[in-house]
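Residue numbers (the working numbering), protein chains in the order written: chain A, 1 to 364; chain B, 365 to 728; chain C, 729 to 1092; chain D, 1093 to 1456.
Single-structure report; data block below.
There are 4 protein chains.
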Amino acid sequence: MSLKRVGILTGGGDCSGLNAVIRAVTRSAIINYEAEVIGIEQGFEGLIFNRNRKLTVAGTKDILALGGTILGTTNKGDPFEYRQFDQDGHVTTQDYSQQTIENFKRLDLDCLFVVGGDGTLQIGYRLFQKGLPVIGIPKTIDNDLVGTDYTFGYQTAVQVACDALDRLQTTGESHHRVMILEVMGRSAGWIALEAGISGGAHVILIPEIPYDLEKVLEKINLRAEGGSPFSVMVVAEGAKEIGKEAITSEAASTRLQGVAQLGGVGNYIAKQLSDRIDLEVRCTVLGHTQRGGTPLAFDRILGTRLGTQAVQAAAEGKFGTMVALKSQEIVLVPLESLAGIVRNIPNDSQLIRTAEAIGVSLGR
Amino acid sequence: MSLKRVGILTGGGDCSGLNAVIRAVTRSAIINYEAEVIGIEQGFEGLIFNRNRKLTVAGTKDILALGGTILGTTNKGDPFEYRQFDQDGHVTTQDYSQQTIENFKRLDLDCLFVVGGDGTLQIGYRLFQKGLPVIGIPKTIDNDLVGTDYTFGYQTAVQVACDALDRLQTTGESHHRVMILEVMGRSAGWIALEAGISGGAHVILIPEIPYDLEKVLEKINLRAEGGSPFSVMVVAEGAKEIGKEAITSEAASTRLQGVAQLGGVGNYIAKQLSDRIDLEVRCTVLGHTQRGGTPLAFDRILGTRLGTQAVQAAAEGKFGTMVALKSQEIVLVPLESLAGIVRNIPNDSQLIRTAEAIGVSLGR
Amino acid sequence: MSLKRVGILTGGGDCSGLNAVIRAVTRSAIINYEAEVIGIEQGFEGLIFNRNRKLTVAGTKDILALGGTILGTTNKGDPFEYRQFDQDGHVTTQDYSQQTIENFKRLDLDCLFVVGGDGTLQIGYRLFQKGLPVIGIPKTIDNDLVGTDYTFGYQTAVQVACDALDRLQTTGESHHRVMILEVMGRSAGWIALEAGISGGAHVILIPEIPYDLEKVLEKINLRAEGGSPFSVMVVAEGAKEIGKEAITSEAASTRLQGVAQLGGVGNYIAKQLSDRIDLEVRCTVLGHTQRGGTPLAFDRILGTRLGTQAVQAAAEGKFGTMVALKSQEIVLVPLESLAGIVRNIPNDSQLIRTAEAIGVSLGR
Amino acid sequence: MSLKRVGILTGGGDCSGLNAVIRAVTRSAIINYEAEVIGIEQGFEGLIFNRNRKLTVAGTKDILALGGTILGTTNKGDPFEYRQFDQDGHVTTQDYSQQTIENFKRLDLDCLFVVGGDGTLQIGYRLFQKGLPVIGIPKTIDNDLVGTDYTFGYQTAVQVACDALDRLQTTGESHHRVMILEVMGRSAGWIALEAGISGGAHVILIPEIPYDLEKVLEKINLRAEGGSPFSVMVVAEGAKEIGKEAITSEAASTRLQGVAQLGGVGNYIAKQLSDRIDLEVRCTVLGHTQRGGTPLAFDRILGTRLGTQAVQAAAEGKFGTMVALKSQEIVLVPLESLAGIVRNIPNDSQLIRTAEAIGVSLGR
């Protein structure tokens, strides 16, 4: 039940609440165990290339309300398959896992806290299998991780989208327009679905339910005929038409991933609708405003609880696990149980049925 | 599996999300069952005195983001013990339950949705025992109801308090002051505890843990000595000193309940501290800004889910139950299982230990 | 000094604060003059086609915090040149001015309050020249109207964009990315410039200063070399490269105006940068979230002041004028002095020099 | 037109936007003049006791959105009459002005930027008269400084109060209560008046217009009779009844100023009303949440503009002046023209008449 020295890294896309985790790990490791805390920079890259710094109570005192991660993060730092672009833009991969493990050993850490989503946690699990004392802390803005009720950052993203919908409602109604909001969600539609329900959207399109354009038009026209010549739609970036590929998929596989939003699905559907209805159509692409910025209280608390319990789990030697929210308690689940499973929204889930029960069209 | 006509009332203190429930009940009863929906005004008073109106999809279309309850509510409308003040300000009570039941029968309702806290739900249960087809929908800003993971309105209240703490942090630090924030919570300290954790409070005082003034002073002084000559405190309105009564208790028992905040616990502690430390002390009393106003997405979704599932439960004839959030699903629990139990924060609960693990003083 | 019956219409794009104006006109006309107030629907279309309704104190009581306009609005209702699309999508125009004037006379109004931007106010002025008692109330989200210090709705739009920048800062820094925010502003860059200054942007591109891509790259690279491998940019939708047309101009002239954002300037620049730098680039298009939604206090007060003073001007018979904010007072300016002039940002204005003085690049 | 070394201090109560000023002064002095910038800590105390530190572009990069002042501030640091409390709590004053001037000279500064309200600016003026190259930057949350249209921090305070009113409206209406919001404003009622207008208050009580309780009751009762049995009131902390002293005055003169809110005017009026009406009354005391926290875009821009222009004025040797907002430009006004004048709201000003024109009662 003692900790001398622990490390923490954040990997994958950032989201609100990461700094709450870093602060909680730092404070509870120092206050309760007098441990030293090492912050590893830019995800696993910091282990591969030996970039890190000491974290202190004083140095983490003002970060609770701060978005992003003070440690930095990256999507491309897998030590087992480190991706690099050569001069022609081609990807090459290299295995740095041995170097990673050696660097870890040199740091002499009792535990490595790996904060990240599916990909990051799987890397953590592989390192655990190779003998590293890893504890996972789940993070995904998309809320699509199995094993935990909620991930931090998700509520904040839903709120940002809900606020945008509140704004689009009044302008849509004033102008008799169809307002489209494109939100995050490549493979799971949680943000779109919950933002849509909370923002009073009339149509919600998610990756799990390929949409039928005729059904969408039907809903918009029905509303117009009923005296509401405007509609508000939420579209997950991974939404796709029945029988077609998602719009983003091609772009995402190239180096131009950076501008995957160019001609994204929101604008694509805006064009589709414009060709078929008399109402004007407008599209808003929230993009990374959903990731950054000050977290809601909910995400700060969840991050703080996960960080604190992770430190306790480390002190108890429970490696190879992930801290997770179950109902109202933080519990431990084995990292191996995650196994790269994405938690999609089942088509007949209670939440889907709720949306349809209050009259929302899911394009089916 | 059919519904012809249903009624809904909101009782007790208002909170954010009530209108989301009313809208969801109205929409899902009409859209899925072609039922008529009757809104009963000002809680049970509307049944006692026969005040109600028809609710429609059009009439509830803009209320999702609206605070309060379009049906009105009251704290004093118990049909079994209806309280009235005579001219001298004395309270008299009268039993209107028979009249209530007769009015209900005249409305010819298949179900009565009772949205409220502990008190309101108990009245609902008594009416169910007398034969009324009641379904409860839990509501309490204090989050202290048993049987459900969260109540709607609570997250919004925590967020309002967290936002206030964010503001108090910078001014406290700039001026070297102790900033006190008094929040809601007469018997349970959930708002204070979660707002405090999320807002980076240094001291959190809750009703469940009577505070030792010396411990509070110790924390403030320790911080000042460590180079942080300022502190931020959250105080639940029901916080009390070891061996003493809560400050609000006397006032609350008189007709002047309306101004119970006069000389409330926040200002009382401000005075206590001012007498003992050199730092200036300032107090903010958030009061009903925690109740009113637009709900967070979380509370809108929770309210919508509860309302929709309540209608389905009604269609399935599952009366005498309450809809409740368990992990990620809405489930049914028997009204009788609530039995007036307040869900306080156990002194050794995980959340309490989390606060202390990151260095927060709970005044003990 | 008496008013019997007045009318009000809102024209052009909506913005936050329109309902504050409508409420103030309604309340002050009724409370101070016992006048009747007629709300004309969907801008001048409501006069052309005789669509209107009575406005009351009770009917406008909850609209102060509401976005949009309860009267509706449209961009295409010029009575002198009413635009319609035939079946092939071609535009035809028709002169409805005589019909408009006749409808106005039938309404027997002492004054017509015309709330709108440059185009709407010019129509108002032409109707005034034809004998109608018109008073203008300035509105443009772009803040580019001459004659008034500020227009309502503008501060709210700047705030929405500033909030987005706050969110983009942390995610950009965490990931080492260039974050682009595209905001409103076809011909004037006020929103981009003020949002950029307040949100700490490193590059701000406005229509008034065509950008030199090399200068933008220089700034981004300089920052990266100085240890800040990320940048945040604000781009007005009318921003254009030196020697090139604005990206939106072509789309805007076709019927597909509705999806003018498709491949807008933000994404165009994202692509340009991606081809030249190693950092990833991401783009957010705020779109109509800048128009809709609850107004800031500033815009509610400005709208209320303008509406109240407009009614007083009407009672004093000062037609052909526009109410305007000058320093701290609402004053009257002649409608004819506006003459279709757009208030662009002078290239050497104090505000421009302020931005450059703190190190912001304007791409020149 | 050169600057080698400049100093900046912030004095008096803090408000949102101070850090925007500090950042703008730092950046524009360094970027444009390669000057060194010295931050003086805790107002004039930092000059008296020689506490200061160097400010850099890197060190001020994340403070634009941060409330408070990174330099600290104090209300009691007048070098000419430095107040100290002896052990019995008695105040003694001492003249440290000579020491202040000597410390200033030792710092070898070309200019001292004094950011503060009336009191702080007057001290600055006295130091200027004694030969120091002082430039003032106006700051007061109360907006009651002569010479400038607006002060930064004020809009943020109004917005915080307006947001609170939005929340109080719905809960007041749901419960049939009178909701009182006590806001800042000891001698001037700008915050109360503008927050009240923007938040739809029915009664606004300001220091400039002593209130007649009967008039307040009349308004509340009239509303109740008209079918609106609830009212929302804003009360400036310096509001007073006709013929009586302000409630806060006594407390403010003692050492217990720290808890002046105890039994403040909001709760006093709540008690007065409770004794005379049947509606319940509730009171919220916003306190220092109006001062702290992230500034609105408006205040960040104003702070940035003032800071930048102050540096330019320094480079031009225009000492003994204050930068000020006039309409849309930052101009210079002589410090001597301020002369301790508080800008109260004239009883017949346009803003007052606006409030009454839309039916707000000012208690007269």
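Ideal placement from N, C-alpha and C gives every residue a C-beta, glycine not left out.
Please read all numbers here as calculations on a predicted model, not as lab measurements.
Asp-86/A counts as exposed, since fewer than 16 other beta carbons sit within 10 angstroms of its beta carbon.
Residue pairing by DSSP places Phe-1177/D opposite Val-1183/D in a beta bridge.
As summarised for the segment 4-79 of chain A, the continuous beta strand (DSSP E) elements at least 3 residues long and confined to that stretch are 5-10, 36-40 and 52-55, given in chain order.
A straight-line Cα-Cα distance of about 5 Å links Gly-1208/D and Lys-1231/D.
Under the 10 Å beta carbon count, Leu-485/B is surrounded by 16 or more other beta carbons and is classified as buried. Listed in chain order, the positions of the segment 62-93 of chain A with a beta carbon within less than 8 Å of a beta carbon of chain B are Leu-64 and Ala-65. Closest in alpha carbon position to Ala-1253/D, among Ile-1296/D, Gln-1221/D and Arg-1218/D, is Ile-1296/D.
Only residues of its own chain outside the window of five on either side were considered, and among them Ile-412, Thr-457, Gln-458 and Tyr-460 have a CB closer than 7 Å to the CB of Tyr-446/B, listed in chain order. At least one CB atom of chain A sits nearer than 8 Å to the CB of Ile-694/B.
A Cβ-Cβ distance of about 6 Å is found for the pair Val-265/A and Glu-237/A, placing them in contact under the 8 Å criterion.
Taking 8 Å as the CB threshold, Leu-581/B stays off the interface with chain D. Per the Cβ contact rule, the segment 177-191 of chain A is not in contact with the segment 637-655 of chain B (fewer than 3 Cβ pairs under 8 Å). The residues Leu-193 and Ile-345, in chain order, have a CB closer than 7 Å to that of Leu-351/A in the same chain once the five nearest residues on each side in sequence are set aside.
Residues of chain D whose Cβ lies closer than 9 Å to the Cβ of Ala-393/B do not exist; the shortest such Cβ separation is about 22 Å.
The C-beta of Ile-499/B has 16 or more other C-beta atoms within 10 Å across all chains shown, which makes the residue buried. Within the DSSP bridge table, the entry for Tyr-1303/D names Glu-1333/D as partners.
Taking the beta carbon of Gln-272/A as reference, no residue of chain B falls within 8 Å; the closest one sits roughly 26 Å away. According to the DSSP assignment, Arg-550/B belongs to no beta strand (DSSP E), since it is labelled neither H nor E. Fully contained in the segment 276-363 of chain A are the following beta strand (DSSP E) runs of length 3 or more, in chain order: 280-285, 321-326 and 329-334. Comparing alpha-carbon positions, the option among Lys-54/A, Cys-111/A, Arg-27/A and Leu-71/A lying closest to Lys-318/A turns out to be Cys-111/A.
For Leu-860/C, no beta strand (DSSP E) segment is defined, and its DSSP state is neither H nor E.
As computed with DSSP, Leu-873/C is found in a beta bridge with Val-1070/C. Apart from sequence neighbours up to five positions away, the residues of its chain that approach Thr-1036/C with a beta-carbon distance below 6 Å are Ala-752 and Ser-756, ordered along the chain. Not a single C-beta of chain A is nearer than 8 Å to the C-beta of Asp-846/C. Segment contact: the segment 882-899 of chain C against the segment 762-773 of chain C, fewer than three CB-CB distances shorter than 8 Å; contact not assigned. In chain order, Ala-1389 make up the part of chain D whose C-beta sits under 7 Å from the C-beta of Cys-890/C. A Cβ-Cβ contact shorter than 8 Å links Pro-79/A with Phe-44/A.
DSSP places Ile-1296/D in the uninterrupted beta strand (DSSP E) bounded by 1295-1297. Ranking Leu-382/B, Ala-719/B, Gly-375/B and Thr-512/B by CA distance to the CA of Ile-570/B puts Ala-719/B first.
The beta-carbon of Gly-1151/D is placed no less than 8 Å from the nearest beta-carbon of chain B. Annotation for Ser-730/C: no alpha helix (DSSP H) segment contains it, and DSSP assigns it neither H nor E. 8 Å or more divides the Cβ of Ala-674/B from the Cβ of Phe-468/B.
Only residues of its own chain outside the window of five on either side were considered, and among them Gly-172, Glu-173, His-176 and Arg-177 have a CB closer than 6 Å to the CB of Phe-230/A, listed in chain order. Our two residues, Gln-462/B and Asp-472/B, have alpha carbons roughly 16 Å apart in a direct line. Taking 8 Å as the cut-off, the beta carbon of Ile-829/C is found no closer than this to the beta carbon of Leu-799/C. In the displayed model, Gly-264/A falls within coil according to three-state DSSP, outside both helix and strand.
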